[in-house]
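Protein sequence lines correspond, in order, to chains A and B. The opening residue of the first sequence carries number 1112 in my numbering; numbering runs sequentially from there. The opening residue of the second sequence carries number 1112 in my numbering; numbering runs sequentially from there.
There are 2 protein chains.
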Amino acid sequence: MTKDSLLAELRSIVGAANARVDTTETACYAYDATHYTHHPDVVLYPATTAEVSAILTAANRERVPVIARGAGTSITGGAVPIHGGIVICSGRMNRIVEIDTENLTATVEPGVVLATFQAAVEKLGLFYPPDPASLSVSTLGGNVGENAGGPRGVKYGSTKDYVLGLEIVLADGTVMRTGAKTVKSSSGYDLTHLFVGSEGTLGVITQITVRLLPLPEAKRTVMAIFDSVEAAAKTVSATIAAKVVPTTLELMDDVVIDRVEAYRPCGLPRDAAAVLLAEVDGSQQGVARQVELVAEVARNGGAREVRVASTTAEADTLWAARRGAFAAMARSRPTIIVEDATVPRDRIPETVARIKELCLKHDLQIGILAHAGDGNMHPLIMTDLRDREEMARVARFVEDLFQTTLAMGGTLSGEHGIGHLKKRYMEWQHGSVGVEMMRRMKQAFDPNNILNPGKLLPDQGEAASDASSLLD
Amino acid sequence: MTKDSLLAELRSIVGAANARVDTTETACYAYDATHYTHHPDVVLYPATTAEVSAILTAANRERVPVIARGAGTSITGGAVPIHGGIVICSGRMNRIVEIDTENLTATVEPGVVLATFQAAVEKLGLFYPPDPASLSVSTLGGNVGENAGGPRGVKYGSTKDYVLGLEIVLADGTVMRTGAKTVKSSSGYDLTHLFVGSEGTLGVITQITVRLLPLPEAKRTVMAIFDSVEAAAKTVSATIAAKVVPTTLELMDDVVIDRVEAYRPCGLPRDAAAVLLAEVDGSQQGVARQVELVAEVARNGGAREVRVASTTAEADTLWAARRGAFAAMARSRPTIIVEDATVPRDRIPETVARIKELCLKHDLQIGILAHAGDGNMHPLIMTDLRDREEMARVARFVEDLFQTTLAMGGTLSGEHGIGHLKKRYMEWQHGSVGVEMMRRMKQAFDPNNILNPGKLLPDQGEAASDASSLLD
């Protein structure tokens, strides 16, 4: 079959207006939030599961890569069509199919934007906790593909903790349904969770059923300011050890505080070494007690000042610094790289110290803007992509960081996934046997390797040895 | 290799005293809580992962079945060595390796008894929610294998919601580690959850890391008595719709009430049609508010009486009926079969009505002792295994029940697994494509089919057509 006749077939499936090959359009699907870019050959906007199925049947027959894409906010190259092929944009599959207030579940198409979904459930007094920073644009399909997290992960986990069932179009076009609309199920292998975080490499998700929670009655915010980043880091695990699990527990170090105050002052003391920002939620009375406990642990941990918001407006003021932090950092240098290694919570002080050492070792500017409560360290590396020598140092920093955090029982990624960027490190975490078993999963679901090829698993023979390859 | 030389090899791995072939010993590993029985050829009691690895290396080479076994409390035939072979008993691998109060995690060997583990974490103010009725004897390894649930599933889910990582010996003896000691991880395919609920068919679990919660500060119990089982059933979803998620929400129907009062009177009115029993937990103030709400919803739902326990002793009195219910039912007839089909919560009234209809249709005595809050209906079928004609009616009841509950978006099993008993129904829930993909998972991990063969997946060509085969 010629390329033209495949294109004609794809056009007949989705309609000519929904199959685009012009470079002005393909350019919009060539990137994600990394520096990787590659144009797809064609962008398709199917509206139904049947259309997705027909697309995959054709693509599988012709061995053409298929990349399912949400909003393209991934920061590991996960959404970039590095081998070209077909991008399936979920934009037209954006219906909230059902919000079930009796079962506390919802069913959505993959293109639903997270913020839209959260607003819809919150209007009904319900709550969908995952809150990646990209929530105003990122889609539920993308969130499931990457197992997205966010600050609330401390108390509420990540996307995987909410997905009950999926409709998936497999590589050959077959439609499979997994899971059930029940909070408990023990019926065969858990294929649902195999797909959560699989980054579009095992199938194309066309419908998602999630569980919801009642919206907490109240929430409160506390900020604690420290003269030592170590004291702030120790306070994180001391908080958890005190049996308080805040909704969020964020840490900003001196580098971040300095940039925030330089960019848009929020009243943070520029001589502070670190700030912890916590939100608690629950019943009215429950949050009052939790706020007291968080404040007490922070004071005992050496906080020089603890601010408790008594109104929503005051809470907003405290959160302004955190919300503006990424933008403030991004103004400092041409390129900002967000690392995502995650450690067990009690290793945070050690990890913070190690990151500071590695900054000096590799002569880099790095701020820490961590979801500290769940050990998701998020060092922000301020650099310049055009400077190959500095980028090589960045790559060596990242390697050192992974070796440190994996040795502590941590993970390569807390919430951003593996994508293209981190696949060469997979054996470091999972060993050759883990990677081999993952390869068998890929082989079982996508024998022709058409689904988001070149992602999540290392290429055969690819190793983490060449540090400068972060630039590749 | 002869059978004798394999036995000699196995003895050399675990020590002669830990390899038993005498029928007095093999008889203890021939059964579970179903009527299936089959002696293993040998029972091994390894003490270390290395020993398990050596056993599997030998068994895989010789193509001998291996059945990993905890306490054998499964009620689907899951633990029965139906094709003989080697039973690996986890009894000597029963160390609590670590309870980490800073990370709120614990790591255990598979033979740790759940009640022992829960007592150990509760002493530290921590909480591991899964609470199958078998908890005083069942093991964490068995719980992970079956994805065990329990009454607290309403609020806290089941075992899968707590497992963070596993150490697994694969079929060929290779040791694999999955997951991380972090609450968030998005690093490759989620092999951890593929193993939870896999019933020993993909590998032998040798270490388990779970997350823990802070022990709730307080809990309270409410009982509501109804003149109509439909009203009680409607109150279940009305409670959830009122945005109260109790820890447990149990339903007993008139059949169960009658047997309980006949066996060991607990003060339940014998003319009542149903009783709902709820426990709520949280902060002191939070539970007071939740109790009020649960009581209010029950009254609005037509409860003729609502009893709120104000002391622990009063709560114990209310729970006595529930705790004694299974024993009371078991005294009624020679055989009691616990069904495990689970439906979305809003379908409970319809499901209860359907179960009552099916009782009449198939002329069976059935009581409902449901974890109603999560839709886990648990009809208890009082029958007699020796009566082939009645057992054939039981089988037809079960088929009708599955067809009803699956059509509602439910699942074959909420918490007991598939095992040998339900494998013939797998296609009804998962379709031929779902079953085919599960077969590929099995093939990928256990190409020689040595791990708990004949469980979870239907035999090739096996269908749910011959209802009387429940007796096979």
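Note that the Cβ used here is the ideal one computed from N, Cα and C, for glycine as well.
- Within its own chain, the residues whose Cβ lies closer than 6 Å to the Cβ of K1266 (chain A), once the five positions on either side in sequence are excluded, are V1356, T1358, listed in chain order.
- In terms of Cβ geometry, P1460 (chain B) and E1341 (chain B) form a close pair [threshold 7 Å].
- Neighbours of E1136 (chain B) in chain A, taken as residues at a C-beta separation under 8 Å, are lacking, since the least C-beta distance is about 30 Å.
- K1292 (chain A) carries a coil assignment under DSSP once its states are collapsed to helix, strand and coil.
- Secondary structure note for Q1476 (chain A): its beta strand (DSSP E) is the uninterrupted segment 1476-1481.
- Judged by DSSP in its simplified three-state form, T1317 (chain A) adopts strand.
- Beta-bridge partners assigned by DSSP to V1198 (chain A): A:V1154, A:I1178.
- Your pair D1451 (chain B) and H1531 (chain B) does not check out as a contact, with CB atoms roughly 14 Å apart and the cut at 8 Å.
- Residue pairing of L1326 (chain B) in beta bridges, as defined by DSSP: absent, with no partner found.
- Closest in alpha carbon position to I1166 (chain B), among B:S1185, B:H1146, B:G1183, B:I1197, is B:I1197.
- With a threshold of 7 Å between beta carbons, L1225 (chain A) makes no contact with chain B.
- In this structure, L1567 (chain B) and A1282 (chain B) do not form a Cβ contact; the two beta carbons are roughly 15 Å apart against a cut-off of 8 Å.
- For F1556 (chain B), DSSP records no beta bridge to any residue.
- Among the residues of the stretch 1376-1400 of chain B, those with a Cβ less than 7 Å away from any Cβ of chain A are G1393, S1394, Q1396, G1397, R1400, in the order of the chain.
- The criterion of a C-beta distance shorter than 7 Å is not satisfied by T1145 (chain A) and I1178 (chain A).
- Residue environment: L1155 (chain B) is assigned as buried (16 or more neighbouring CB atoms within 10 Å of its CB, all protein chains considered).
- Counting only runs of at least 3 residues, the stretch 1411-1461 of chain A fully encloses the following beta strand (DSSP E) elements, listed from N- to C-terminal order: 1416-1419, 1446-1449.
- G1397 (chain B) sits in a helix when the DSSP states are folded into three classes.
- For the stretch 1283-1303 of chain B, the set of residues with a beta-carbon nearer than 9 Å to any beta-carbon of chain A comprises T1285, V1286, M1287, R1288, T1289, G1290, A1291, K1292, T1293, V1294, K1295, S1296, S1297, S1298, G1299, Y1300, D1301, L1302, T1303, in chain order.
- According to the DSSP secondary-structure assignment, I1279 (chain B) is paired through a beta bridge with B:M1287, B:I1316.
- In the three-state scheme derived from DSSP, where H, G and I count as helix and E and B as strand, E1538 (chain A) is classed as helix.
- Note that the C-beta distance between T1184 (chain A) and G1222 (chain A) is not below 7 Å.
- Under the 8 Å Cβ criterion, the stretch 1214-1231 of chain A does not count as touching the stretch 1134-1152 of chain A, having fewer than three qualifying pairs.
- Within the stretch 1323-1352 of chain B, those residues whose Cβ lies closer than 7 Å to any Cβ of chain A are, in chain order, P1325, S1348, I1351, A1352.
- In terms of CA proximity to T1332 (chain A), A:Q1401 leads the group A:Q1401, A:V1274, A:V1367.
- Shown here, R1507 (chain A) sits in a helix according to DSSP, grouped into three states.
- Pairing N1129 (chain B) with E1120 (chain B), the inter-Cα distance amounts to about 12 Å.
- Inter-residue distance for G1378 (chain A) and A1385 (chain A) is about 14 Å (C-alpha atoms, whole angstroms).
- In this structure, B:V1546 is the residue among B:V1307, B:V1546, B:T1516 with its C-alpha nearest to the C-alpha of G1572 (chain B).
- Here the alpha carbons of G1260 (chain A) and S1269 (chain A) stand approximately 4 Å from one another.
- A residue is called buried once 16 or more other Cβ atoms fall within 10 Å of its Cβ, and V1248 (chain A), having fewer, is exposed.
- The Cβ of A1555 (chain B) sits closer than 7 Å to at least one Cβ of chain A.
- At least one CB atom of chain B sits nearer than 7 Å to the CB of D1457 (chain A).
- When only Cα atoms are considered, R1456 (chain A) and D1570 (chain A) end up about 32 Å apart.
- In chain order, A1452, L1523, Y1536, W1539 place their CB closer than 7 Å to the CB of F1513 (chain A), counting only its own chain and leaving out the 5 sequence neighbours on each side.
- Interface flag for E1538 (chain A) against chain B is unset, since no Cβ pair is found closer than 7 Å.
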